[in-house]
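Plus 39 on top of the position in the sequence shown (first one is 1) and you've got this note's numbering. Every residue gets a Cβ at the ideal spot worked out from N, C-alpha and C, and that includes glycine. All of these numbers come straight from a predicted model, not from anything done at the bench.
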Amino acid sequence: MNPNFMTQKALSNKVGWSEANGRRWIKIFKQFIPVQYDGINKFFNEESFKVLSIIKEMSDYGYTSSEILEMFKKNGIPKNPQSLKKLVKDKSVVTIAEKTLSNSIPNQKELALAILKLINDKKSYTTTMINEGVASYFSLTDEQKNITYPDKKEYIFSQRMRLARYSLKKQEYIEEVSKYTYKITEDGLLLITDDSEGVEEEINELENVIDPLDIIREKVEEIESELIDDLIEHLKQAHWRRLETIVVELLTAMGYGDGQVTEKTNDGGLDGVIKEDRLGLDNIYVQAKRWENTVGRPEVMSFSGALDAKGARKGIFITTSSFTKGAEEYAERLESKKIILIDGKKLAKLMIENDIGVSIKKKFVVKEVDFSYFEGE
């Protein structure tokens, strides 16, 4: 084997990641990282190191793996430090500001202690009252309360408050007396009257309490991410005619109207049409392309021209790959018509949401106490 080749572990360590972390990133970006096979073993070279180093640098700037992947697909891998610097310039400024803001939000331990101090009068408090009271206690601004995690929609403050309440309940420092309503327990009162060292020790233990629902959510997200990747691969392998049928079925299932695949002899570059009303007075024309490369502005312009030939004002351009920034900007600037661009990832998500090409593998039901059931005499 060439002495310049290195193992996956050696490559990960050279970049500055653990083997497990490196393996995860290498798997995500396998289409961009050169690899040499020797039997069942994988080996990497200096070009592999350069690509993974760029990925790590972008990750350090605050980009998520999905964001980096999309940028690589649209713009290719940055060729030099200057192009990389230009690419991450705007993002880094925003990320630094966001990190500074998120770091100003109290951690789970600080929030837990504030909750106990807030409700130490033994009265019942709703989650809204607790959240507002703790936010006021720390003088948090609306901007601090509304900042979200980079790749999620959940607010950082709300998520930490939820974990703080759960850990306090689990350790029996507070109790849930009715749905979303809590009060402090005797153990909770004893804790906040304990000496500072004792309080610190007990509060530190709360960080070890993990909400099982969070684990379930993470695993569900992981399963859905894998399903999206699998669907995209199957769409790419499907016959082009079958892809057109799938797309029309999806849009029909989404409630846009009755759809049909166009006749190839006279489709004018259009693959399907959705009739929004029974008489076909308002139609949506569809183009679906099974592409590996990104779809650029010229292709979207050509689709726009095909719509003009039909006198149409609405169109949906779907691809199994992705769109360039130029293509997206062109579609956004159109005034005489509306063209919606759907890439492979969005297409797969819509298929999952509308039960197209997927089936239920397993259902899990999580139940909770019905407090109203136990009320009354």
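- Fewer than three pairs of CB atoms, one per stretch, sit closer than 8 Å, so the segment 258 to 272 makes no contact with the segment 281 to 288.
- A residue is called buried once 16 or more other Cβ atoms fall within 10 Å of its Cβ, and Ile399, having fewer, is exposed.
- Here the segment 176 to 190 does not lie against the segment 225 to 239, with fewer than 3 beta-carbon pairs under 8 Å apart.
- A distance below 8 Å separates the beta carbons of Lys148 and Ile242.
- Along the segment 324 to 349, the alpha helix (DSSP H) occurs as fully enclosed runs of 4 or more residues at 336 to 349, listed in sequence order.
- Under the 10 Å beta carbon count, Ile79 is surrounded by fewer than 16 other beta carbons and is classified as exposed.
- Non-local C-beta neighbours of Val173 in its own chain, meaning closer than 7 Å and more than five positions away in sequence, comprise Leu150, Ala153, Ile154, Leu157, Met200, ordered along the chain.
- Beta-carbon to beta-carbon, Ser360 and Asp382 are separated by about 7 Å, close enough to satisfy the 8 Å threshold.
- Under a 10 Å Cβ-count criterion, Leu252 is classified as exposed, with fewer than 16 other Cβ atoms of the shown protein chains found around its own Cβ.
- Secondary-structure assignment with DSSP links Met45 through a beta bridge to Phe83.
- Burial is judged here by how many other beta carbons sit within 10 angstroms of a residue's own beta carbon; Tyr369 has at least 16 and is buried.
- Ranked by Cα distance from Gln198, the first of Asp310, Lys218, Ile116, Ser141 is Ser141.
- Approximately 7 Å separates the beta-carbon atoms of Phe196 and Leu179; this is inside 8 Å, confirming the contact.
- DSSP places Leu309 outside both helix and strand once states are collapsed to three, so it counts as coil.
- Residue burial annotation: Asn322 is buried, with at least 16 other C-beta atoms found within 10 angstroms of its C-beta.
- The alpha helix (DSSP H) runs of length 4 or more contained entirely in the segment 94 to 121 are, from start to end of the chain, 104 to 114.
- Around the beta carbon of Pro120, fewer than 16 other beta carbons sit within 10 angstroms, so the residue counts as exposed.
- Note on geometry: alpha-carbon atoms of Ser264 and Ser105 lie some 10 Å from one another.
- Less than 8 Å separates the beta-carbon of Val325 from that of Ile355.
- In this structure Val334 does not touch Thr301 by the C-beta definition: roughly 19 Å separates them, more than the 8 Å allowed.
- Between the segment 275 to 284 and the segment 385 to 392, the count of C-beta pairs closer than 8 Å stays below three; the two stretches do not touch.
- By the neighbour-count criterion, in which a residue is buried when 16 or more other Cβ atoms sit within 10 angstroms of its Cβ, Ala59 is exposed.
- Just so you know, the alpha carbons of Leu386 and Phe342 end up roughly 18 Å apart.
- Ile94 is the residue among Ile94, Glu244, Asp409, Phe177 whose C-alpha sits nearest the C-alpha of Ile67.
- Cα atoms of Lys349 and Phe71: separation of roughly 40 Å, rounded to the nearest angstrom.
- Selection Asn332, Lys209, Ser51, Tyr176 evaluated against Gly115 yields Asn332 as nearest (Cα-Cα).
- Nearest to Ile144 by C-alpha distance, out of Met45, Ser175, Ala277, is Ser175.
- For Gln198, the secondary structure class from DSSP, reduced to helix, strand or coil, is helix.
- Under the DSSP definition of a beta bridge, Glu214 partners with Lys222.
- In this structure, the straight-line span from the alpha carbon of Ser92 to that of Ala277 is close to 35 Å.
- DSSP, reduced to helix, strand and coil, places Ile144 outside both helices and strands of the structure shown, so it counts as coil.
- In this structure, Gln210 and Leu266 do not form a Cβ contact; the two beta carbons are roughly 36 Å apart against a cut-off of 8 Å.
- When C-alpha distances from Phe177 are compared across Glu193, Asn146, Glu338, Ala327, the shortest belongs to Asn146.
- Counting the other CB atoms within 10 Å of its CB gives Pro117 a total of 16 or more, which places it among the buried residues.
- According to the DSSP assignment, Ile379 belongs to the beta strand (DSSP E) that extends over 377 to 381.
- In the three-state reduction of the DSSP assignment, Asn159 falls in the coil class.
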